[in-house]
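*Asks:* Taken in sequence, the protein lines are chains A and B. Start counting the first sequence at 5; every next residue gets the next number (the working numbering). Start counting the second sequence at 5; every next residue gets the next number (the working numbering).
2 protein chains.
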Amino acid sequence: MNRSEIKIERIITYRRILLKLYNDGEKNIFSYQLANKCQVSSAQVRRDLMDIGYSGSPANGYEVQCLIKSIAEFIDPDKKQGIALVGLGNLGRAIIDYFNGQSLKLEIVALFDKNPNKINRVIAGCHSYHINDLKEIIIKNNIKTAVISVPSTDAQQVADVLVDGGIKGILNYAPIILNVPDSIYVQNRDMITTLEKVSYFANYNNK
Amino acid sequence: MNRSEIKIERIITYRRILLKLYNDGEKNIFSYQLANKCQVSSAQVRRDLMDIGYSGSPANGYEVQCLIKSIAEFIDPDKKQGIALVGLGNLGRAIIDYFNGQSLKLEIVALFDKNPNKINRVIAGCHSYHINDLKEIIIKNNIKTAVISVPSTDAQQVADVLVDGGIKGILNYAPIILNVPDSIYVQNRDMITTLEKVSYFANYNNK
DNA sequence: TTTATGCTGTGAAAATAATCACAATGTGAA
DNA sequence: TTCACATTGTGATTATTTTCACAGCATAAA
Ligand SMILES: NC(=O)c1ccc[n+]([C@@H]2O[C@H](COP(=O)([O-])OP(=O)(O)OC[C@H]3O[C@@H](n4cnc5c(N)ncnc54)[C@H](O)[C@@H]3O)[C@@H](O)[C@H]2O)c1
Ligand SMILES: NC(=O)c1ccc[n+]([C@@H]2O[C@H](COP(=O)([O-])OP(=O)(O)OC[C@H]3O[C@@H](n4cnc5c(N)ncnc54)[C@H](O)[C@@H]3O)[C@@H](O)[C@H]2O)c1
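1. Do you know how far the Cα of Leu-95(A) is from the Cα of Lys-140(B)?
2. Please look up how many angstroms separate the CB atoms of Gln-191(A) and Leu-175(A), rounded, as I've assumed it's under 8 Å.
3. Ser-156(A): beta carbon under 8 Å from a heavy atom of ligand 1?
4. Buried or exposed for Pro-62(B), going by 16 or more other Cβ atoms inside 10 Å?
5. Between the C-alpha atoms of Asn-183(B) and Ile-171(A), what's the straight-line distance to the nearest angstrom?
6. Suppose you measure from the CA of Met-5(A) to the CA of Thr-149(A); what does that come to, to the nearest Å?
7. So, are the CB atoms of Ser-132(A) and Gly-93(A) less than 9 Å apart?
8. Whole angstroms are fine: how far does the CA of Tyr-177(A) sit from the CA of Lys-109(A)?
9. Let me know the secondary structure DSSP gives Gln-43(A) once reduced to three states.
10. Given that a residue counts as buried once 16 or more other Cβ atoms are within 10 Å of its Cβ, and exposed if not, what is Gly-91(A)?
11. If contact means a Cβ-Cβ distance below 9 Å, which residues of the segment 166-185 of chain A contact chain B?
12. Quick one, which residues of the segment 52-72 of chain B are near chain A if we go by CB-CB under 8 Å, in chain order?
13. Heavy atom of ligand 3 less than 8 Å from the Cβ of Arg-193(B), yes or no?
14. Would you verify that the beta carbon of Gly-29(A) is, or is not, closer than 9 Å to some beta carbon of chain B?
15. When we look at the beta-carbon of Ile-15(A) and count the other beta-carbons within 10 Å, is it buried (16 or more) or exposed?
16. Can you have a look at Gly-173(B) and say buried or exposed, based on whether 16 or more other CB atoms are within 10 angstroms of its CB?
17. What does Tyr-133(B) pair with, by DSSP beta-bridge criteria?
18. Helix, strand or coil, according to DSSP, for Ala-88(B) in the structure here?
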């Protein structure tokens with residue numbers, strides 16, 4: 005069974021769409037319908053679902069609820085996962101206000117900053133701590149995933165502390181490439197790179 | 005010459021790193037050094053640079069300044085590109101405060117919202133308009149790229165207006181998959197999907 | 001029952017992407 | 001000059017990802 009990044013991302017996207025369908029009361033869906041909704045081919049959908057071990061029926065397609073359950077078994081951790089967020093600036097606050105409640109198994113449970121004015125507060129139900137306490141707190145709470153939203157000047161040192169505290173996955177919004185051990189999964193979400201790419205294809209696709 | 009998304013993204017990333025090196029006064033770099041800094045193989049770097057038509061020297065590697073210029077010729081639009089941003093909530097404001105000045109050829113030049121309290125203002129040097137005026141303004145300013153940061157309930161209708169106004173590329177932060185013509189390039193940046201992926205690999209890589 | 005229909009699941013093929021591996025080359029030391 | 005060396009540029013190879021295409025199947029209609 006292949007667990008490449010691109011496949012996992014598609015499967016997570018299927019679930020997002022299926023959850024919406026489920027809320028709308030849909031009971032069944034065919035591969036080509038799911039495919040349309042997320043702009044992949046129906047063969048791709050069937051292949052992906054085959055890989056997670058879920059089977060549909062030729063006549064009724066896939067059962068939305070069962071499929072959601074199968075994806076959860078394939079993707080989700082057993083227990084709820086706490087997430088740490090470092091950097092309570094504009095972006096960090098936008099994320100906190102937005103994220104909790106959006107994902108079944110994931111929750112931001114600890115916030116960190118170095119600015120004394122921003123620590124020891126409760127933002128969107130979540131406590132903020134000084135960055136110096138990070139290691140202790142993420143170990144105590146068994147936090148394995150973190151979001152970095154500090155300026156790029158500070159991102160590497162924050163990453164070092166996170167790694168030291170046992171973090172295994174980082175979502176990095178700072179526009180630098182972090183130097184971390186190979187065993188750590190890093191997802192960079194640099195907006196400059198992204199917009200440059202979008203702008204490139206906006207122009208290039210229409211020459 | 006191959007212009008796949010993944011290759012373009014790498015090339016844009018090379019430039020980001022090269023610009024930093026250039027500011028630090030670096031004159032030359034070898035493929036393996038650039039490769040290290042962005043976690044790809046040196047063969048990959050050489051292949052990518054070959055594809056954009058830039059040649060280094062075996063003894064000195066690549067000249068940082070020339071390489072930046074070659075990448076610009078390959079990637080950049082001829083003229084500065086204006087970008088529209090729709091949705092002046094938490095995320096939208098964080099983006100405006102952050103983005104302008106970060107990229108040489110790209111600039112957010114028009115903001116849109118539907119809330120009357122948020123229109124006809126200047127935020128970070130940029131004017132905000134009512135969403136109803138979007139088409140007129142993006143046409144007048146020849147805007148081809150837009151950022152969507154409205155709630156997911158409104159994202160599709162915003163996308164429709166953008167497409168109607170001639171937008172060719174969209175960076176979408178709302179957690180839905182937009183339905184747009186094939187000729188429009190869309191980059192989704194749904195944070196829930198992303199964090200679920202990071203959490204998955206944080207756990208899975210260390211089973 | 002039987003048959004027609006329109007899916008699924010999946011080997012096989014095709015397309016795409018990454019790596020290998022090495023001749024060619026420019027440089028500096030002797 | 002000559003030679004040793006480290007790196008480039010790239011054809012060939014390998015790996016990965018996607019698509020094709022169709023047998024097999026569940027259902028509904030006759
Ligand atoms: N604002 C955006 O939309 C946006 C988009 C993409 C990327 N980014 C990136 O995200 C990061 C944050 O952006 P922002 O606009 O929120 O910046 P900001 O300056 O508003 O906030 C940064 C926060 O990080 C804190 N901080 C700084 N150093 C720290 C450290 N060592 N430890 C702990 N906390 C520390 C600061 O006290 C501040 O609260 C930047 O790297 C930026 O490039 C921002
Ligand atoms: N906050 C985050 O960090 C974050 C992260 C990822 C994704 N998102 C997504 O980004 C979007 C915005 O998030 P937010 O936290 O800024 O929300 P928000 O509610 O703070 O802001 C939304 C803004 O969009 C405006 N708006 C709504 N409908 C509109 C329309 N039809 N036309 C023009 N403007 C309209 C509203 O007036 C408001 O100003 C949401 O889809 C959210 O899911 C947010």
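For every residue, glycine included, the Cβ atom is placed at its ideal position computed from N, Cα and C. These figures come from a predicted structure and were not determined experimentally.
*Replies:* A quick look at the data gives this:
1. Here residue 140(B) turns out to be Glu, not Lys, going by the sequence shown. The straight-line gap from Cα to Cα measures roughly 30 Å.
2. 5 Å
3. yes
4. exposed
5. 37 Å
6. 24 Å
7. no
8. 22 Å
9. coil
10. buried
11. Ile-171, Lys-172, Gly-173, Ile-174, Leu-175, Pro-179, Ile-180, Ile-181 and Asn-183
12. none
13. As presented, the structure is devoid of ligand 3, carrying ligand 1 and ligand 2 as its sole ligands.
14. no
15. buried
16. buried
17. Phe-116(B)
18. strand
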